[in-house]
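Contents: one structure, followed by commentary.
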Amino acid sequence: MILMNEKSRGSTTLSKYYVVPTTHVSYNDRQMIINYIKSTSTPVATISFRGTKIGDKHAPTVAYFSSRGPLRQSQGILKPDIIGPGVNILAAWPTPVGATITSATATSSTFNFLSGTSMSCPHLAGVAALLKSAHPDWSPAAIKSATMTTADFINLGNNPIQDETLEIADLFTLGSGHVNPSRATGPGLIYDIQPEDYIPYLCGLNYTDDQVSAIVKKKVHCTSSIPQSELNYPSFSIPKLSSAQTYTRTVTNVGEAISAYTVKVFGLKGVEVTVNPKILKFIALNQKVSYNTTVRCQILQDIHRDT
């Protein structure tokens, strides 16, 4: 059997347990096969296994079922945060769990392939556990920051990571990028957030005092609030940019005690970004330094200039 992808599933193919010899092909390959079938009255096909291919230059590619942003309840926070391995993950498999021959995961083997959040989430959780082991003093927010700011947005072919259509994955598909555990152990700088820092953020989402209190498990009065994009998050998302907006971030030095970091902004067409100061200087570990980022929409500026 030849299992062919519909257009919405693009290049994502899954390894599953089939009861008949089966090959699963991408949408582009589907079109080639269909064209071949139409071209002859006696189409012939052969399924042959050529071994596992390692180091495909297109890897990693975002699957069609990977969750996309934006986060509609809070568009000032870029989602997804990050992506991780979640397609055709080979791992140990317990057989006495009641699987039947009609199940997609039915197999008598002690290993199996699975795909989805059930695979990518354990990968990220494992990375977080390793980081906590290496840096016991890091908060959950610091660990998240380390994974996000060191993630890859380039594939093995040294090109931008693609989605299932083999187009460049956008920020609402890719987030900060594909997790890179080796780099995450030494991010240099982290964006830390303490639990109490979330209270003015939640208040800014127009939750009531009782709703915020229920979330944080203590009595809260929303006497102050911040815009969504002002949370000390390791990414920026600014919805409805109609005029220049400035936001502050604070970073903590977890790299070399005496160090300096220079700002570089690239890849943002139609958007002008100014960072002040341009160089962040540190003289000690765990030192905190703040910077301001001002974002302007160049298209809107051109309209105002023309009128």
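Residue numbers (this note's numbering): -3 to 303. A virtual CB, placed ideally from N, CA and C, is assigned to each residue, including glycine.
Residue j beta carbon less than 8 Å from that of residue i
i	j	result
valine 169	valine 58	For the sequence presented, residue 169 should be read as threonine rather than valine. Against a cut-off of 8 Å, the Cβ pair of valine 58 and threonine 169 comes out as a contact.
glycine 72	serine 225	yes
leucine 162	serine 7	yes
serine 141	proline 76	no
lysine 277	alanine 256	yes
phenylalanine 61	alanine 87	no
valine 271	glutamine 294	no
leucine 74	leucine 167	yes
isoleucine 164	glutamine 158	yes
Any chain D beta carbon closer than 8 Å to residue i
i	result
serine 225	The structure shown contains no chain D; it holds only a single protein chain.
Coil, strand or helix - residue i by DSSP
i	result
asparagine 84	coil
arginine 245	strand
threonine 38	coil
histidine 20	strand
valine 123	helix
tyrosine 194	helix
glutamate 163	coil
methionine -3	coil
arginine 292	strand
glutamine 297	At glutamine 297, the pLDDT of 48 sits below 50, so the modelled position is not reliable and the matter cannot be decided from this model.
isoleucine 139	helix
glutamate 252	coil
leucine 110	strand
proline 223	coil
aspartate 133	coil
asparagine 272	strand
tyrosine 229	coil
tyrosine 257	strand
glutamine 304	No statement about residue 304 is possible, as the shown extent of the chain runs from -3 to 303 and does not include it.
phenylalanine 278	strand
threonine 145	helix
lysine 284	strand
isoleucine 78	coil
leucine 170	helix
aspartate 302	In this predicted model, aspartate 302 has a pLDDT of only 44, less than 50, meaning its place in the structure is not dependable; the value taken from the coordinates is given anyway. Residue state, collapsed to three classes: helix.
proline 66	coil
valine 315	For the chain, the structure presents residues -3 to 303; residue 315 sits outside this window and is missing.
proline 156	strand
Presumed contact (8 Å Cβ cut-off) between residue i and residue j, rounded CB distance
i	j	result
asparagine 228	threonine 246	6 Å
glycine 171	isoleucine 79	6 Å
threonine 290	alanine 240	6 Å
valine 123	threonine 143	6 Å
For residue i, the nearest candidate out of the options (CA to CA)
i	options	result
alanine 180	Cys199, Val250, Ser238	Val250
histidine 119	Ile85, Pro136, Ala130	Ile85
tyrosine 187	Gly47, Ala137, Leu281	Ala137
alanine 280	Pro223, Thr248, Gly173	Thr248
tyrosine 23	Glu160, Val16, Ser104, Ser129	Glu160
leucine 110	Pro81, Asn176, Gly173	Pro81
methionine 0	Val16, Thr113, Val21	Val21
valine 15	Ser104, Met28, Phe45	Ser104
alanine 121	Ser70, Gln69, Asn176, Pro191	Asn176
cysteine 199	Ser221, Ile189, Ser178, Asp193	Ser221
glutamine 190	Val269, Pro223, Ile139	Ile139
serine 233	Gln69, Thr42, Arg46, Thr38	Gln69
Inter-residue spacing [alpha-carbon to alpha-carbon] between residue i and residue j
i	j	result
isoleucine -2	tyrosine 32	13 Å
cysteine 218	valine 285	27 Å
proline 196	tyrosine 203	10 Å
serine 63	histidine 54	20 Å
isoleucine 30	asparagine 155	30 Å
lysine 49	glutamine 207	51 Å
aspartate 298	lysine 265	Model confidence at aspartate 298 stands at a pLDDT of 48, short of 50, so the residue's coordinates are unreliable; what they give is reported in the following sentence. Taking the straight line from one Cα to the other gives about 14 Å.
proline 230	alanine 210	26 Å
tryptophan 134	lysine 128	7 Å
leucine 67	glutamate 2	27 Å
alanine 304	valine 40	Summary: the structure shown does not reach residue 304, with the chain confined to residues -3 through 303, and so no result is reported for it.
proline 90	lysine 213	39 Å
leucine 10	proline 17	14 Å
glutamine 283	glutamate 252	11 Å
aspartate 148	serine 116	15 Å
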